[in-house]
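Inspection log for the structure reproduced underneath, given as structure tokens.
Numbering (my numbering), first residue to last: 135 to 356.
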């Protein structure tokens, strides 16, 4: 797995993970899957989150589930899609609707969230790959251990980080976060199945910015 585009401060972490037995097993599984099926995102985009936001720059972490299973949608940043994708996935539309209600920001004309990553929003799925058309098909293969270790590494940062945990899968990770140093905001997942049970109206975007200001950090332009 290539690391040439990965942020420098992530490279040592990733190299160490790649040598571990669980990841060697995961790599064998992925090799077979990419040979036999259409797997998303494309191989070169699996670690896009680590290319787009260096460890030292992280201010906010958003945890997704697994990549969009629709070809052409997933590109390695949770909830984000390639700029040409239309209509937008419903979860992403609900995120934009909540931002509009919370902050009065109009919905952008595309769903690529790289602009957030460049400001310090780490957009991580708990499982980084999926078979086309088969949600959760790569769950339980080793990615969860990998992303647990990523969160534990972020937790070691001295600078406060705001974790936005949407849905039960993301919220199960909160035991790894030191809440005396970092901040956690929880809400239901923004998917159409659960968004109206508390995601809509959660005001996580204004709240995250308030917490960043409180920590003397520059807020995010959502």
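From the three backbone atoms N, C-alpha and C, an ideal C-beta is built for every residue, glycine too.
Predicted, not measured: the structure shown is a model, and the values here were computed from it.
When you measure from the CB of residue i to every non-hydrogen atom of the ligand SAM, does any distance come out below 8 Å?
i	result
residue 237	Because no ligand of any kind appears in the structure shown, any question about the ligand SAM cannot be addressed here.
Among the options, whose alpha-carbon lies nearest the alpha-carbon of residue i?
i	options	result
residue 345	303, 304 and 297	297
residue 299	293, 142, 291 and 308	308
residue 167	275, 236, 340 and 342	275
residue 144	339, 164 and 291	291
residue 289	340, 195, 153 and 349	195
residue 268	160, 323, 175 and 315	175
residue 272	138, 153, 137 and 163	163
residue 260	301, 165 and 314	301
residue 181	320, 169, 142 and 218	142
residue 220	237, 243, 235 and 234	243
residue 218	233, 247, 237 and 235	247
residue 312	233, 287, 173 and 338	287
residue 342	250, 270 and 169	250
residue 319	338, 330 and 310	338
residue 322	232, 170, 241 and 270	232
Under DSSP, the beta strand (DSSP E) around residue i begins and ends at which residues?
i	result
residue 197	194-198
residue 298	296-300
residue 255	255-259
Provide the residue span of the alpha helix (DSSP H) that contains residue i, from first to last.
i	result
residue 146	142-152
residue 284	277-289
residue 164	155-170
residue 248	248-251
If residue i and residue j are in contact, beta carbons under 8 Å, what's the gap, nearest whole angstrom?
i	j	result
residue 254	residue 187	6 Å
residue 358	residue 190	A question about residue 358 goes unanswered here, because the residues of the chain that appear run from 135 up to 356.
residue 148	residue 277	At roughly 13 Å, the Cβ-Cβ gap does not stay under 8 Å, so residue 148 and residue 277 are not in contact.
residue 317	residue 294	6 Å
residue 140	residue 184	5 Å
residue 349	residue 197	With 8 Å as the limit, residue 349 and residue 197 do not qualify as a contact, their Cβ atoms being about 20 Å apart.
residue 224	residue 325	7 Å
residue 236	residue 328	No, residue 236 and residue 328 are not in contact; Cβ-Cβ is about 18 Å, not under 8 Å.
Output the residue ranges of the alpha helix (DSSP H) runs that lie fully inside the segment 302-341 and measure 4 residues or longer, sorted by chain position. Taking only runs of at least 4 residues, the alpha helix (DSSP H) segments lying wholly in the segment 302-341 are 302-305.
Is there contact here, the segment 196-210 with the segment 250-265, by at least three beta-carbon pairs under 8 Å? yes
Which runs of the alpha helix (DSSP H), 4 residues or longer, sit entirely within the segment 182-228? 182-186
Contact the segment 279-286 vs the segment 209-223: 3+ CB pairs below 8 Å: As far as the Cβ criterion goes, the segment 279-286 does not touch the segment 209-223, which means the pair count is below three.
Flag this pair as touching only if the segment 331-339 and the segment 224-238 have three or more C-beta atom pairs under 8 Å; answer yes or no. yes
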